[in-house]
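One structure is given here, and the rest of the page talks about it.
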Amino acid sequence: MQLIKFHLVGDDYGWLSNSAPYPISLESKMWYTAEHFFQTQKFHDVSVQKQILKTRSATEVIRIASNPKLRVRRDWDAVKLGFMRTAVRTKFTQISDLKTLLLNTGDAELINHSDTDSYWADGGDGGGRNMLGVVLMEVRDELRRSPVE
């Protein structure tokens, strides 16, 4: 089976990253990236949500959302996967060029390769859960089954 590793936006498959600069429309808002939408969902605090929404850089958004002084919603671990699915599904259904690129990965295993994350990525050594890769492959399968638009 072919393996496709991605992580950094500037890599060959960087468009798979939620930080890739492809705006999405969701919940009556325009988000600079899928990562913007996802990180905003961590917080019930409207001021934090607004700060993330107006920040252009996905890297800066991740920095803001990682601030230990901010209160992450209590149920985050239970709901984060659902929000990730929503962000990824929206990105690849709204942007037809990305949908085509994702479908063109065929049956390749998509691996978010990073040694700093063992939940959304592979942990750098393949021991991580690679949940972003799993979600991307699920969305790819959904797109294959959906009627041609």
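Each residue of the sequence shown is one higher than the one before, starting from 12 at the first, in the working numbering. All C-beta atoms, glycine included, are put in the ideal place defined by N, C-alpha and C. Just so we're clear, the structure is a prediction, and the values are computed from it rather than from any experiment.
Alpha carbons only, please: which of 12, 129, 157 and 50 is nearest the one belonging to residue 142?
129
Distance, Cα to Cα, residue 70 vs residue 98?
17 Å
Per DSSP, what are the beta-bridge partners of residue 122 in this structure?
16
Can you tell me whether residue 113 is helix, strand or coil according to DSSP?
helix
Helix, strand or coil: which one does DSSP assign to residue 63?
helix
Candidates 49, 75 and 44: which alpha carbon is nearest residue 59's?
75
To the nearest angstrom, report how far apart residue 148 and residue 107 are at their CA atoms.
17 Å
With DSSP collapsed to three states, give me the class of residue 26.
helix
I'd like to check one pair, residue 41 with residue 34: are the Cβ atoms closer than 7 Å?
yes
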